[in-house]
Amino acid sequence: MSSLWEYLIIALALLVVIVGGAVVLLHGRGGRTKELPGRESTPQGTRPPGAGGGAGTDDDGGVATLPRPGPTTVEPEAPVEPTTLPEPEPTPTLERPEAAAGRLQRLRARLARSNTALGKGLLALLSRGELDEEAWEEVEDTLLTSDLGVEATTELVDSLRTQVKVEGTRDEATVRRWLRSDLLTLVDPSMDRSVAASRVGTRPAVVMVVGVNGTGKTTTVGKLARVLVAEDKDVVLGAADTFRAAAADQLETWGARVGVPTVRSDRDGADPASVAFDAVRTGIEVEADVVLIDTAGRLHTKVGLMDELGKVKRVVEKQSPIDEVLLVLDATTGQNGLRQAEVFSEVVGITGVVLTKLDGTAKGGIVVAIQRKLGVPVKLVGLGEGPDDLAPFDPEAFVDAIVG
Ligand SMILES: Nc1nc2c(ncn2[C@@H]2O[C@H](COP(=O)(O)OP(=O)(O)OP(=O)(O)O)[C@@H](O)[C@H]2O)c(=O)[nH]1
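Listed below in structure tokens is the structure:
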């Protein structure tokens, strides 16, 4: 009897060992999945947005079911492909911007398209048979609609009246000559229209670009960088428009196309003064020729925003003087542009004007009105949305485009 018990105990012990071994084996194969470093596990019951129910996941996010394998077929062995190295990443080719000189000649047609109407209208009026008071009033009206301003219009009409009286002849060629010469005097070719873009002693030149919303500031900074790169300048861009979310990206893209670095903050709404400060510091460190600072568009009537602009300027000046403050004005806004110019000038002291969107307006007379009001020259004009559609302002080419 006791030997029967002994056999039973031994058999039980063997059973325990066999079952235990089987459990350990099964667990070791399928119980744990190693997480790839850096891959995040998705909390149960949640799914990243846009992730569909792929293999292994049912649409309700419940129990995963794997697709059933079909009948096993033995595939013939695939021929071994010769190993090819991956194609090297192409080096981004930098664009070569068009030289600045002569751009206005190329863009003259765009200027002329809208402004020759003015020139033609004037020529037709002036060379017509009888120049009575009514005709002179028409000349005045035509000039006023071009945004030349009352003062400049009066001067021009007076001068033309005198010439008609003194010389008598009024054939078209003569009248065109008068008009060209008088307009040129008003536009004032003697003004210095160069943009400060060369190192001053041991530091880069610093240019700040300001203006109301949507006038084309960011675009202008990008285009100006191209003008300067074409002149072999080393440029650094500062994205101090931290208000409009896409402005820094937009500026960075402009810079990258011509190999120009952009200093920016990754945070929307960052302090624009500190970005501007960093940009100038970078410009000093990398020994750039010029630092161009883009600022957020702001209404000249908002005191708080104008104060902020004053602060940007003061903070930059703790590190380096600002050599140029360019006011970007949309030529199509007409007389309101003059008021903007006055206020910006009071707050940050404008040294030059960039007149954008001159391609879409017959109001070229604003050039004269602004220069007179502020005493600062129009230095650059925007004549389209193309990357090289910003040209140094050339008074002669401008007047020629008007009088034909
Ligand atoms: N036709 C034409 N369009 C221009 C010219 N300059 C700029 N633009 C366009 O004007 C629009 C506004 O330009 P942005 O550079 O974004 O203006 P911004 O002043 O930086 O705008 P905010 O940052 O909102 O103040 C864009 O669509 C430009 O392509 C120009 O000379 N001619």
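Numbering (numbering that gives the first Met the number 0), first residue to last: 0 to 403.
Heads up, the beta-carbon is just placed ideally off N, CA and C, and yes, glycines get one too.
Distance cut-off 8 Å: residue i Cβ against heavy atoms of ligand 3
i       : result
Gln-249 : With respect to ligand 3, the structure offers nothing, as its ligand set consists of ligand 1.
Straight-line gap, residue i to residue j (C-alpha atoms, nearest Å)
i       : j       : result
Asn-212 : Thr-153 : 33 Å
Asp-248 : Gly-237 : 11 Å
Leu-298 : Val-209 : 11 Å
Ala-269 : Glu-384 : 29 Å
Leu-178 : Arg-160 : 11 Å
Arg-192 : Val-375 : 9 Å
Ile-401 : Gly-296 : 31 Å
Glu-230 : Asp-277 : 25 Å
Pro-394 : Met-190 : 10 Å
Pro-36  : Arg-266 : Reliability of the predicted coordinates at Pro-36 is poor, the pLDDT of 31 falling under 50, and no value is obtained from them.
Val-290 : Ala-244 : 22 Å
Asp-59  : Val-234 : In this predicted model, Asp-59 has a pLDDT of only 32, less than 50, meaning its place in the structure is not dependable; the value taken from the coordinates is given anyway. Using only the alpha carbons, I get a separation of about 55 Å.
Lys-310 : Leu-147 : 34 Å
Ser-145 : Leu-155 : 13 Å
Gly-403 : Gly-118 : 7 Å
Leu-326 : Leu-357 : 15 Å
Asp-387 : Asp-293 : 18 Å
Trp-253 : Lys-216 : 12 Å
Ala-100 : Ser-344 : 28 Å
Ala-483 : Glu-323 : Past the edges of the chain, shown from 0 to 403, lies residue 483, and the structure says nothing about it.
Val-314 : Leu-142 : 43 Å
Phe-199 : Thr-218 : Here the sequence assigns Val to residue 199, which means Phe is not the residue at that position. Their Cα atoms are separated by approximately 26 Å.
Ala-390 : Gly-333 : 20 Å
Arg-38  : Ala-255 : Note that Arg-38 has pLDDT 28, beneath the 50 cutoff, so the model's placement of it is unreliable and the number below is only indicative. Cα to Cα, the separation comes out at about 32 Å.
Thr-164 : Leu-308 : Per the sequence presented here, residue 164 reads as Lys, with Thr not at that position. Approximately 52 Å, taken between the alpha carbons.
Beta-ladder partner(s) of residue i, from DSSP
i       : result
Met-207 : Ile-292, Val-324
Arg-202 : Val-199
Ala-10  : None; Ala-10 has no bridge partner.
Leu-379 : Val-353, Pro-391
Val-235 : Val-290
Val-262 : Gly-237
Asp-248 : Beta-bridge pairing links Asp-248 to no other residue.
Asp-329 : Thr-355
Residue i: first and last residue of the uninterrupted beta strand (DSSP E) it sits in
i       : result
Leu-389 : 389–391
Residue i beta carbon near ligand 1 (any heavy atom closer than 8 Å)
i       : result
Leu-110 : no
Gly-336 : no
Asp-405 : Summary: the structure shown does not reach residue 405, with the chain confined to residues 0 through 403, and so no result is reported for it.
Leu-328 : no
Lys-362 : no
Arg-243 : yes
Glu-384 : yes
Ala-246 : yes
Lys-356 : yes
Ala-272 : no
Leu-103 : no
Asp-131 : no
Lys-378 : no
Gly-381 : yes
Gly-254 : no
Leu-304 : no
Ala-450 : One cannot answer for residue 450 here, as it falls past the ends of the chain, which runs 0 to 403.
Asp-388 : yes
Gly-359 : yes
Lys-216 : yes
Among the options, the one whose alpha carbon lies nearest that of residue i
i       : options                            : result
Lys-362 : Leu-227, Leu-110, Arg-105, Leu-103 : Leu-110
Ser-264 : Arg-256, Val-274, Ala-255, Val-257 : Val-274
Ile-349 : Asp-329, Val-367, Val-377, Leu-103 : Val-377
Thr-201 : Val-259, Asp-293, Ser-319          : Ser-319
Thr-92  : Gly-258, Val-398, Lys-301, Asp-267 : Gly-258
Thr-214 : Val-353, Ala-272, Ala-204          : Val-353
Thr-300 : Glu-136, Glu-341, Arg-105          : Glu-341
Arg-371 : Leu-130, Glu-133, Thr-332, Arg-338 : Arg-338
Val-285 : Thr-261, Leu-124, Lys-216, Thr-218 : Thr-261
Pro-188 : Ala-390, Leu-389, Val-367, Asp-322 : Val-367
Thr-360 : Val-194, Asp-170, Ser-344, Asp-329 : Asp-329
Val-205 : Glu-316, Lys-222, Pro-96, Ala-108  : Glu-316
Val-279 : Glu-150, Arg-175, Ala-239, Glu-251 : Ala-239
Arg-175 : Leu-121, Thr-184, Val-149, Leu-382 : Leu-121
Residue range of the unbroken alpha helix (DSSP H) whose run includes residue i
i       : result
Gly-351 : Counting along the chain, Gly-351 falls outside any alpha helix (DSSP H), though it belongs to the beta strand (DSSP E) covering 351–355.
Val-149 : 149–166
Lys-362 : Unbroken run through Lys-362: none, as it is neither H nor E.
Val-194 : Looking at the DSSP string, Val-194 is not in any alpha helix (DSSP H), and its letter there is neither H nor E.
Gln-334 : 334–347
Ser-145 : First-last for Ser-145: undefined, no H or E at that position.
Ala-269 : From DSSP, Ala-269 is part of no alpha helix (DSSP H); its letter is neither H nor E.
Val-228 : 216–229
Glu-316 : 302–316
Arg-176 : 171–186
is_contact[residue i, chain C] using C-beta, thresh 9 Å
i       : result
Arg-371 : This model lacks chain C altogether; it includes just one protein chain.
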